[in-house]
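The next block holds one structure in the form of structure tokens; read it before the comments.
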Amino acid sequence: MAVRLEFLTQDSEERALAMRYWATDEEGAYLERVADLVPFREIVQSGQIAKQVREYCLAFDENQSCCLCGGEVRINGRAEAKKVFQRSSTPCAPCAELQNRKRAEQAALEQAEISKRLAYKMERSAAATLDYTSLPDNVVLLILAINAVVAPRLAHGTFGIADCDDLAPLNADKFVKQLCKDEYLLEDPGAAKAGTYFLQNGELWHKTYQLELFLPPDKTHGRGIGALGLLDEHRFTDPDSLFNLWLDYAVADVLRYLLDQCNIYSHDLEDEAIEKITSTVRHGLQTYSVAQLWSVMWKVVKDAASLANREYYNRPKAVATIPNKIRKLLEVADQQGGIQRSWDRPEHHLAGSLGMVFSNLFDIDEYSQGSHVIELFNRLRPPAQVETEHNLQSLAEAFMRSASNGPDPWSAMEHFADKIRAGLTTEDALMEAFGQ
Ligand SMILES: [Zn+2]
Numbered sequence: 324m325a326v327r328l329e330f331l332t333q334d335s336e337e338r339a340l341a342m343r344y345w346a347t348d349e350e351g352a353y354l355e356r357v358a359d360l361v362p363f364r365e366i367v368q369s370g371q372i373a374k375q376v377r378e379y380c381l382a383f384d385e386n387q388s389c390c391l392c393g394g395e396v397r398i399n400g401r402a403e404a405k406k407v408f409q410r411s412s413t414p415c416a417p418c419a420e421l422q423n424r425k426r427a428e429q430a431a432l433e434q435a436e437i438s439k440r441l442a443y444k445m446e447r448s449a450a451a452t453l454d455y456t457s458l459p460d461n462v463v464l465l466i467l468a469i470n471a472v473v474a475p476r477l478a479h480g481t482f483g484i485a486d487c488d489d490l491a492p493l494n495a496d497k498f499v500k501q502l503c504k505d506e507y508l509l510e511d512p513g514a515a516k517a518g519t520y521f522l523q524n525g526e527l528w529h530k531t532y533q534l535e536l537f538l539p540p541d542k543t544h545g546r547g548i549g550a551l552g553l554l555d556e557h558r559f560t561d562p563d564s565l566f567n568l569w570l571d572y573a574v575a576d577v578l579r580y581l582l583d584q585c586n587i588y589s590h591d592l593e594d595e596a597i598e599k600i601t602s603t604v605r606h607g608l609q610t611y612s613v614a615q616l617w618s619v620m621w622k623v624v625k626d627a628a629s630l631a632n633r634e635y636y637n638r639p640k641a642v643a644t645i646p647n648k649i650r651k652l653l654e655v656a657d658q659q660g661g662i663q664r665s666w667d668r669p670e671h672h673l674a675g676s677l678g679m680v681f682s683n684l685f686d687i688d689e690y691s692q693g694s695h696v697i698e699l700f701n702r703l704r705p706p707a708q709v710e711t712e713h714n715l716q717s718l719a720e721a722f723m724r725s726a727s728n729g730p731d732p733w734s735a736m737e738h739f740a741d742k743i744r745a746g747l748t749t750e751d752a753l754m755e756a757f758g759q
């Protein structure tokens, strides 16, 4: 027998059963089938024999040595015994226990360190406030759109990045991550599930999609639906911030359509190609509508599909033509009076809550031409700012005119340069130089 037994019982019948269970011939084949060992007392099912035998004796496989300490390896049943000598695949019981204890100690140390670092983060999060009345325009729009998909948790609780999937037709997470980066949304580690934060090479890391986020309270009105109501009264005055957000959104809307179309034809766009297309589309959206660009996307994907079937072509080669084809079509459109066709939004392709916010507040959507959107946002610029900019323009014009028409343009320029060197702003330097 290649198994050494250590009996736990004095009962001769019980010892005999254990011996019969483990008895083998010289080749290691068991002498009796387990089925032949029943009935034994009240046991009639052979499946219960192994468990019974374990109560009568400990079995050590002499054909195995512990992979860590080289010591004996205890086995539980016939299936675990080896026929030829080998190192065990798992450590012996005492080694395993020691290993587990060390692991638990290490985990406890790490957990303590994580808790220490999170305490600092939580303290900072708890103290943070925002002024809801002076948030940038783009941030207000995004918060309103997030509220539409996670309410009422924006007012009271926490939410995750994945909860905001319906914010935009594509890459909704990018918008949320940007708000986190700019600290308009903060993490609440206390609300995140265990394992969200971990240490790696001494640094605190997190699983982004397990983070629980929240909107810090308003500095005077705190959190809640009442405070969020301040955002409904927000006056939009920053055309650049609004138009940039519109472009981010509209690019996602166009790209989503393109990727869906590519999917239909099994076109696989490389990251580099997508990056190139993104730039082209972003530029195109300054003039055209999302729906017009959809028609362009539809055409290039269809053309690539028929190109792929041609002789000397294959699918990757055909797909690689897409970025330049889009650019080419937009150039032609620019030269020949625009894009004639525009497509409707496919049913499964949602506008997303950000699209709804743009539509509700500014009445713009996939059919709005980029040029119209710019114009519309520009009208939001406060009159005073427009006037100042206008005044500065005319002041600069007048100064340059009088300098170049005057008797000594050089001295006029030098005078202006002196004022700048003295630390004046362009505007003040202009006023002073002009005054003289
Ligand atoms: Zn061992």
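Heads up, the sequence shown is in my numbering, so the first residue is 324 and it goes up one at a time. Note that beta-carbon positions come from the ideal geometry of N, C-alpha and C, so glycine has one too.
Item, Value
"Sort P646, S612, D576, L527 by Cα distance to Q663 and report the nearest one.", "S612"
"Taking 8 Å as the limit between beta carbons, can you name the residues of its chain near M620, skipping five residues before and five after?", "V577, Y580, L581, Q584, I649"
"Is DSSP giving W621 helix, strand or coil here?", "helix"
"Would you please state the rounded distance, in angstroms, between the beta carbons of V361 and V367? I believe it to be under 8 Å.", "6 Å"
"Checking the sheet assignment: what are the DSSP bridge partners for V326?", "D384"
"Report yes if the CB atom of A354 is closer than 8 Å to the CB atom of A346, and no otherwise.", "It should be pointed out that residue 354 corresponds to Leu in this sequence rather than to Ala. Yes, Cβ-Cβ distance for L354 and A346 is below 8 Å."
"Rounded to whole angstroms, what's the CA-CA distance from P417 to L381? Just pull it up for me.", "14 Å"
"Express the C-alpha separation of G661 and T543 in angstroms, rounding to a whole number.", "50 Å"
"Can you round the beta-carbon distance between D460 and D561 to whole angstroms, since I take them to be within the 8 Å contact cut?", "4 Å"
"Which two residues bound the contiguous alpha helix (DSSP H) that contains W345?", "335 to 345"
"Alpha carbon to alpha carbon, what distance is there between Q409 and K599?", "58 Å"
"Does the contact criterion of 3 or more C-beta pairs under 8 Å hold for the stretch 593 to 608 versus the stretch 644 to 659?", "yes"
"Using a 10 Å radius around the Cβ and a threshold of 16 neighbouring Cβ atoms, would you call A517 buried or exposed?", "exposed"
"Would you check whether ligand 1 has a heavy atom nearer than 7 Å to the C-beta of L381?", "no"
"Using only CA atoms, which one of H671, E670, V696, H672 lies nearest to S682?", "V696"
"Does the stretch 438 to 452 touch the stretch 470 to 480, meaning 3 or more C-beta pairs lie closer than 8 Å?", "no"
"With respect to the alpha helix (DSSP H) encompassing R638, which residues constitute its N-terminal and C-terminal limits?", "638 to 642"
"When DSSP labels each residue in this structure, what does Y353 get in the three-state scheme?", "strand"
"Please state if the CB of H713 and the CB of P492 are separated by a distance shorter than 8 Å.", "no"
"Within its chain, find whatever has a CB closer than 8 Å to the CB of C487; leave out the 5 residues flanking it on each side and keep chain order.", "I469, V472, V473, A495, D496, F498, V499"
"Is the CB-CB distance between W666 and S618 below 8 Å?", "yes"
"Would you grab the beta carbon distance between L677 and L536 for me? Rounded to a whole angstrom, and I think it's under 8 Å.", "Incorrect: roughly 17 Å between the Cβ atoms, too far for contact."
"Does the Cβ of C503 lie closer than 7 Å to at least one heavy atom of ligand 1?", "no"
"Hey, A273 and L551: beta-carbon distance below 8 Å or not?", "Lying before the first or after the last residue shown, residue 273 is absent from the chain, which here runs from 324 to 759."
"Given 7 Å as the limit, tell me if G394 has its C-beta closer than that to any heavy atom belonging to ligand 1.", "yes"
"Determine the burial state of P646: buried for a count of at least 16 other Cβ atoms within 10 Å of its Cβ, exposed for fewer.", "buried"
"So I367 is in the beta strand (DSSP E); what residue range does that whole segment cover?", "According to the sequence displayed, residue 367 carries Val and not Ile. Where V367 is concerned, there is no enclosing beta strand (DSSP E), given that its DSSP letter is neither H nor E."
"Kindly indicate which residue of T644, E634, A614, Y635 has the alpha-carbon position closest to the one of K625.", "T644"
"Is it buried or exposed for T332, if we count other Cβ within 10 angstroms and need 16 for buried?", "exposed"
"So which of R401, D454, L467, E365 has the shortest CA-CA distance to G351?", "R401"
"Would Q387 be called buried (16 or more neighbouring beta carbons within 10 Å of its own) or exposed?", "buried"
"Using beta-carbon positions only, say whether A641 and E689 come within less than 8 Å of one another.", "no"
"Going along the chain, which residues of its own chain have a beta-carbon closer than 8 Å to the beta-carbon of A596, five neighbours each way excluded?", "V642, A643, I645, P646"
"For Y520, name the three-state secondary structure that DSSP assigns.", "strand"
"Between Y455 and L553, how many whole angstroms is the CB-CB distance? I'm expecting something under 8 Å.", "4 Å"
"Going by DSSP, what residue range makes up the alpha helix (DSSP H) through I687?", "Per DSSP, I687 belongs to no alpha helix (DSSP H) and is neither H nor E."
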